[in-house]
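Q: In our numbering, the protein residues as written are 10 to 1071.
Could you have a look at this structure, given as structure tokens, before my questions?
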């Protein structure tokens, strides 16, 4: 029975002491944002239940965006026996036990000691502070709370680590994932043994060790050899750890020494692995209490706990969206601050569409055209979509574009879209989710801040479903749009999407009743393998016939049991605007076998929006080794852009792995930091970076030092651009020799590779390079006295993200080939983007460009590319014995084959003699990947490059060991190698396409839409049988060979116009 408010309720009504379940009272809450909320509750409700419920109620009130997460506040109340307000921290107590005076509570923000030093350092690392306007929303609060718990939990575990565990976190061992030894490595192992070199301050010894020996056993043998050689005292091997010479890289654990990446890399290069036995106590590791030990999370109220209310609370007024059998609709009200020509009459309209994973859910709609006045236009027009609310999927997004209606396409170029009234000129776009982060269907008015439509957009659709769902944080610079979402006559009820449990029950009910789903009646006698054959290993899903879509869906359980790798095909067949099919696929995913990493990655690109599909994909990645995760980290960071909300399983997974492995954390930080410049990801990436830095405070000082070093390099780069080459070099050296520069650039972990520690800059060895952006060649002294100098190139003015992508794809191709037993001696050097048009590239020593080799050997620069013997003569000069030359020719042949195929498949363009290099050992490699996916340069309307890949007559001359006969045995073997390399990549074609698809959201001009993937589809010819694919590649090989004279002509022109010999 309800009662009126009573100032002395507890004294007059026995205060619920009889514990009557129907006893209720009005409770007044003074909220931290100044709002007053009055609700009726059972006296048996706990404080925790009251808080959860009133926070949900607060969403209906103004100023909700100014509330933090409920865990940030405690209850405060007066009682009849107290003289003031009491702090109530035990939220398990019931209302009748607390007996607040006047039944009133005030919420007070907890006094958390703010670590100003950490906050300032995070701001420094981000380069800017996040806008408070954009951060004041409940989803941000929820994300921060969840990430705080995750970070503190892992930080507490790290604080309890012993010394070896801390070494494993800070210097994780680098192990190979392929346990089959490459042939080049096997050749260096004799009777199961190979030689290593061990260095110390006073001596060097060579030791023969078994390839199956553990690092501890290797140390023991090294110390025994030292004791014999130098007659020193016996040292305990347990006091030492095996360090790679010249690197901050350690080998430990029960792994065979041959399984370490450094060992295999050294042996394959015919080098001897070199180690330094280091005293364990001298290994530099993080200290306790870098800033502060996070409070024990077990003492905090867990705000992420169950949201299920007990029976003591009023019933939460929720209904599921599946109960709303009404067409989805919204009201377009107005736009403001639209940037259009104010000197002419402008008519604007808005096109709207509902999408799921890039696929339209129903027919797009348009508003009426209205006149624009001073940047404002009003409609107040209701838009009704041809889909019922009950069939709108959880991850549906509303995409909108504001367009100008013009009579002619003149002046708007590629953006023009023809309509019955003229042409559409898209001006601005914005996307928003239909459900919020708590699965509640949005209702009421919302203001959306738009993005400017790209001038060079190549998309055929004016809507931008692959674009961000984040509002533009630069609110002062963009137009705004006000929409009003319908409440479907559910004024006092919140419409929520069914929970996973409800989806499962719905699917089970359909199965138990033998209720056939949509398309289950499809008659198909073919087995599932035959139906999937044209699609499962190629990227032809968009070409799938309706009959095959229906057949695959009808045989979904057969697919699960017999062809689980066909999951991407099955997901393509799901009708996401049919709730029965959505429930069925959600239930089926619970039973689906774990897929290999290669297939699971496909499920994280933009096409797969469903949260349960993406959760399943992340679960398939959980067992991935750290080094393999690093291989795909670039794409996984980009895949976070495809997440519909700030928190997701993918974000949680990547943060956990980064917080548990500092090397992963290093690249995780820089991949995020380099894109933080873009407004579309500033909030998302800023919050993720904040979560990482707060959870790994041990890493902050290292990253700050790197940032200081990069700033000094940037200052030096801007300085040298003011003068000519010689003056630039003196300006650079002077800058590097300044005391402030020396301090900032000393004792720094390399951003390019955290295994290298740079002691100080060797200013006298640094130089300014000749190319347009005047990159700096910087030489560092290695902190390891036994290590070689560390050489890097600092670039200011070039976007290195495309180079990073291409080099990473070359690493993946190299890995694929090696897993099939082929080592093509690839050299995908390191490259990292650190900020907008800033980054670092690894220097490959003892290498020269083809242009310089040709000009050095040719009498005239213009004719030197036609001298076929120049490259072979250069190799002979640096490989003076027959054995060395044979090895160099083999290295050249293998690497040439690898790069021919790789550059053909990736469509690497702008190939000339200055961006192809050869090492003195014969290893060929490509540099500068400014144009990919077939974006070939043109001059006067003609393509400058007209060959599939570079295979010039001087390359053939080296491969044939000085003969010109193209039918020679060596050249025939080379062609077979190329064919095999191509066919192996085709077998992994879906992975290559998926990795590029995950990168569409990067903003790279040459990878901005689905269209850009067509080049890969054309080169990989995944729709052809293998025999036909081989013939296709043979034709491309013949074309490259036949037109090699054109390449030589282009190179001659290039050499004539540019003299870049340094």
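In this text, a Cβ means the ideal position worked out from N, Cα and C, and glycines have one as well.
1) Find the nearest neighbour of residue 74 within the set 106, 56, 144 and 94, judged by alpha-carbon distance.
2) Report the rounded CA-to-CA distance for residue 968 versus residue 985, giving the unit in angstroms.
3) Within its chain, find whatever has a CB closer than 8 Å to the CB of residue 220; leave out the 5 residues flanking it on each side and keep chain order.
4) From 82, 591 and 397, pick the residue whose C-alpha is nearest to that of residue 98; which is it?
5) Is it buried or exposed, residue 556, if we count other Cβ atoms within 10 angstroms and call 16 or more buried?
6) With DSSP run on the structure shown, which of helix, strand or coil describes residue 493?
7) Who are the Cβ neighbours of residue 599 in its own chain at under 8 Å, not counting the five residues just before and after it?
8) Just the Cα atoms here: how many angstroms apart are residue 397 and residue 655?
9) Would you kindly work out how many angstroms separate the C-alpha atoms of residue 87 and residue 674, rounded to a whole number?
10) Per DSSP, residue 842 forms a beta bridge with which residues?
11) Going by beta-carbon coordinates alone, are residue 802 and residue 852 separated by less than 7 Å?
12) From the DSSP output, which residues share a beta bridge with residue 251?
13) Looking at the secondary structure, which residues open and close the beta strand (DSSP E) in which residue 627 lies?
14) When you compare each of 658, 187, 722 and 888 to residue 755 by their alpha carbons, which one comes out closest?
15) Could you check the C-alpha separation between residue 554 and residue 922 for me, to the nearest Å?
16) Counting only beta-carbon separations shorter than 7 Å, does residue 1046 have a partner in chain B?
17) By the DSSP assignment, the alpha helix (DSSP H) with residue 902 in it spans what residues?
18) Can you tell me whether DSSP reads residue 19 as helix, strand or coil?
19) Alpha carbon to alpha carbon, what distance is there between residue 808 and residue 950?
20) For the beta strand (DSSP E) that contains residue 82, what are its first and last residues?
21) Runs of 4 residues minimum, wholly inside the segment 656–700: which ones carry the alpha helix (DSSP H) assignment?
22) Taking all protein chains shown into account, do 16 or more other C-beta atoms lie within 10 angstroms of the C-beta of residue 91, making it buried, or fewer, making it exposed?
23) Within the segment 209–254, note down every full alpha helix (DSSP H) run reaching 4 residues or more, in order along the chain.
24) For residue 1052, does the three-state DSSP call read helix, strand or coil?
25) In the structure shown, what three-state DSSP assignment does residue 346 receive?
26) Extract the residue ranges of the beta strand (DSSP E) inside the segment 777–845, only unbroken runs of 3 or more that lie entirely within it.
27) For residue 611, collect the residues of the same chain with a Cβ closer than 7 Å to its Cβ; drop the 5 residues on either side in sequence, then sort them by chain order.
28) Residue 800 and residue 932 - do their beta-carbons sit closer together than 7 Å?
29) Determine the DSSP secondary structure at residue 958, reduced to helix, strand or coil.
30) Count the C-beta pairs between the segment 816–823 and the segment 740–753 that are closer than 8 Å, then say yes if the count reaches three, no if not.
31) Touching or not, the segment 131–140 and the segment 700–709, by the rule of three or more beta carbon pairs under 8 Å?
32) Residue 676 to residue 622, Cα distance in whole Å?
33) Comparing the CB of residue 624 with every heavy atom of the ligand PLP, is any distance shorter than 6 Å?
34) What would DSSP say about residue 406, mapped onto helix, strand or coil?
35) Going straight from the alpha carbon of residue 453 to that of residue 68, what length do you get?
36) Using CA coordinates, which residue listed in 146, 471, 662 and 335 is at the minimum distance from residue 160?
A: Here's the rundown:
1) 144
2) It is roughly 13 Å from the alpha-carbon of residue 968 to the alpha-carbon of residue 985.
3) 198, 201, 202, 203, 265, 266 and 267
4) 82
5) exposed
6) strand
7) Once the five neighbours on either side are set aside, the close Cβ partners of residue 599 are 513.
8) Distance between the alpha carbons of residue 397 and residue 655: 27 Å.
9) The alpha-carbon atoms of residue 87 and residue 674 are separated by roughly 48 Å.
10) 848
11) yes
12) Answer by DSSP bridge pairing, in chain order: 260 and 286.
13) Premise fails: residue 627 lies in the alpha helix (DSSP H), 620–630, not in any beta strand (DSSP E).
14) 722
15) 46 Å
16) Of the protein chains in this structure there is only one, and it is not chain B.
17) 891–915
18) helix
19) Low per-residue confidence applies at residue 950: pLDDT is 44, beneath 50, and the placement is therefore not dependable enough to give any value.
20) 82–86
21) 658–669 and 671–682
22) exposed
23) Whole alpha helix (DSSP H) segments, 4+ residues: 224–239.
24) DSSP places residue 1052 in coil when its eight states are reduced to three.
25) Coil at residue 346, not helix or strand.
26) Fully enclosed beta strand (DSSP E) runs of 3 or longer: 785–791, 799–805 and 840–844.
27) So the list reads 577, 999 and 1003, once near-sequence residues are dropped.
28) no
29) coil
30) no
31) yes
32) 26 Å
33) Among the components of this structure there are no ligands whatsoever, and the ligand PLP is therefore not found.
34) strand
35) 12 Å
36) 662
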